[in-house]
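Remarks on the structure that follows.
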Amino acid sequence: MEASKTKENRVPPSSNLQGAPRMETVKPLHHRLPLSNINHNIMPNSHLNKLDLSRKCTAHTVQQHHHPQPPQETKKQNLLAPTSYQLDHDIIDIDDDEDAGDNAVPVFVKHTEAMLDEIDRIEEVEMEDVEEPVLDIDACDRNDPLAVVEYIDDIYGFYKSIENSSCVSPNYMTSQFDINERMRAILIDWLIEVHYKFELLEETLFLTVNLIDRFLERQALIRKKLQLVGVTAMLIACKYEEVSVPTVEDFILITDKAYTRNEVLDMEKLMMNILQFKLSVPTPYMFMRRFLKAVHSDKKLELLSFFLVELCLVECKMLKFSPSLLAAAAIYTAQCSLYQFKQWTKTSEWYTNYSEEKLLECSRLMVTFHRRAGSGKLTGVYRKYSTWKYGCAAKVEPALSLLVVLRVSASTRNCFGCFESLLVLEVGFESFTDLSTESFLPNGKIRIRIGMDRKELSV
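Those letters in the sequence shown? Residues 1 to 459, by my numbering.
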């Protein structure tokens, strides 16, 4: 019973209505005997504001010090409340608002204008894009005279301006009557193995392929001379790049003595005349060194990037891309393969002059080459980069996430009331239409089958 009296005497805080009259001083409540008249505890002559519980109410926040309002007529209070405790919102009866009509809103507490302005300002600061700085990758080489920091930007600007003049048409093999793209691929794959056996510099390989393509674009050739063109191009590239050059006899021996010394020397003269002695051409290797420095690469990223760009040497379809684009796309694809997410920064974009969008087409082709590098007949690059000398870079999982493009072509509702969508999944240049809602996993990934492999990709 004592607890009942305590609860009965508890007073709620005042609603602090605008313009409401002040409460009179609360008189001491008389303690009543059990089962006695409870009206003795009611304070006489108090101002009551009776609340109709059947009515809807809403709470609007007001700023009394900024927007003072004139006193309003209020209902009599039916609750006892001290005047010292104030709330930061008013209780407004919507039924008293004649203009509310059908637009009456549910009960809610609205922030003050000052609070809303502050929230908007904070959101603007949080959503504001922070400009990523472009790092100076040559700052550490200013004391190195071999780095030629004063001219490095001009040098690569010149390479970029002339790189297209040293490129060939991707369809140039159609002008050949006795050889085709498949024969060219076999030749390049074999030369990669020769290059590895002779332990030549990387730039020698890229120059060799460039000389072969430029020569075949201008000169018709019979197929039995194709290998002769290959070894002769490598001989010329060795003379241009290497310190210790393999002899003519070494190349004759590597061809199983299919050609004589005179045939090699005669082909060398013909090639130099057709190419007009233009050997100083930008290759993907030149740009690779600069771009790898821009992304602050480690050895693993470097090896995987060279693996991807060497895979492109075999493919005739990659001739449509410039050397600088091949280099940038190889590094970008290698980053996606190693780190499972894209890391193309403002610094990378600045020094390569390629945005991420411009690299995607070339990168997706590289991923398809990477995926099937170990299968098929032309596996020279794969076997080379599967050795410990090259860090087993070929064993790295390809960046299949770059290949996934989901497109919703239709949607229907199944018997359970859930939406089932007919999805088309494009993986590289292959399409899979046998996906269903069961292919989607709770972790936000999608399960697909590519050949004999089962992959889970983030979408």
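Backbone N, C-alpha and C define an ideal beta-carbon position, used for all residues, glycine too.
- Taking 7 Å as the cut-off, the beta carbon of Glu163 is found closer than this to the beta carbon of Ser324.
- Contiguous alpha helix (DSSP H) elements confined to the stretch 348 to 413 occur at 356 to 371 and 380 to 384, taking only those with 4 or more residues.
- Each residue's CA atom was taken as its position, placing Ala139 and Trp350 some 16 Å apart.
- Assigned with DSSP and collapsed to three states, Ile222 falls in coil, not helix or strand.
- Cβ-Cβ separation between Leu187 and Gly230: approximately 5 Å, consistent with a contact (criterion under 8 Å).
- Taken atom to atom, the span from the alpha-carbon of Lys257 to that of Leu211 is near 23 Å.
- Counting along the chain, Val248 sits inside the alpha helix (DSSP H) bounded by residues Val248 to Ile254.
- Taking the C-beta atoms as reference points, Val314 is found nearer than 7 Å to Asp189.
- When only Cα atoms are considered, Glu357 and Trp344 end up about 10 Å apart.
- Using a 10 angstroms sphere on the CB of His296, the tally of other CB atoms stays under 16, which defines it as exposed.
- Spanning the alpha carbons of Phe158 and Leu360 requires a straight line of approximately 25 Å.
- Here the C-alpha atom of Asp213 lies approximately 7 Å from the C-alpha atom of Val168.
- Closest by C-alpha distance to Gln340, out of Leu402, Glu202 and Met234, is Leu402.
- With respect to the 7 Å criterion, Gly374 and Ile192 are not classified as neighbours on the basis of their beta carbons.
- The beta carbon of Pro246 is closer than 7 Å to those of Phe198 and Cys238 in its chain, skipping five residues each way along the sequence.
- In the DSSP assignment, Met173 falls outside any alpha helix (DSSP H) and carries neither an H nor an E.
- Gln335 is the residue among Gln335, Asp154 and Phe321 whose C-alpha sits nearest the C-alpha of Lys300.
- Separation of Lys389 and Arg383 (C-alpha to C-alpha, rounded to the nearest whole angstrom) is 11 Å.
- Annotation: Trp344 is outside any alpha helix (DSSP H) and is labelled neither H nor E by DSSP.
- Here DSSP, grouped into helix, strand and coil, assigns Cys238 to helix.
- Note that the C-beta distance between Ala399 and Ser337 is below 7 Å.
- In this structure, the beta-carbon distance from Ala185 to Phe307 does not fall below 7 Å.
- Counting only residues of its own chain and dropping the five nearest sequence neighbours on each side, Ile137 has a CB closer than 6 Å to the CB of Lys293 and Ala294.
- With a 10 Å radius around the Cβ and a threshold of 16 neighbouring Cβ atoms, Glu397 comes out exposed.
- With respect to the C-alpha of Lys317, the residue from Glu150, Asn180, Ser305 and Ile152 having the closest C-alpha is Asn180.
- In this structure, Ile274 keeps its C-beta atom at 7 Å or more from the C-beta atom of Gln227.
- For Cys140, the three-state secondary structure derived from DSSP is helix.
- Under a 10 Å Cβ-count criterion, Glu132 is classified as exposed, with fewer than 16 other Cβ atoms of the shown protein chains found around its own Cβ.
- Just so you know, the alpha carbons of Glu150 and His195 end up roughly 34 Å apart.
- In the structure shown, Lys300 adopts helical secondary structure according to DSSP, grouped into three states.
- Between the alpha carbons of Leu207 and Thr333 lies a distance of about 23 Å.
- Excluding the 5 residues flanking it on each side, Tyr156 has same chain C-beta neighbours closer than 7 Å at Arg290, in chain order.
- Listed in chain order, the non-local C-beta contacts of Ile254 below 6 Å within the same chain comprise Val194, local neighbours out to five positions each way being set aside.
- Excluding its 5 nearest sequence neighbours in each direction, Thr352 has C-beta neighbours in its own chain below 6 Å: Phe291 and Ala328, listed in chain order.
- Val148 and Leu200 have their C-alpha atoms some 26 Å from each other.
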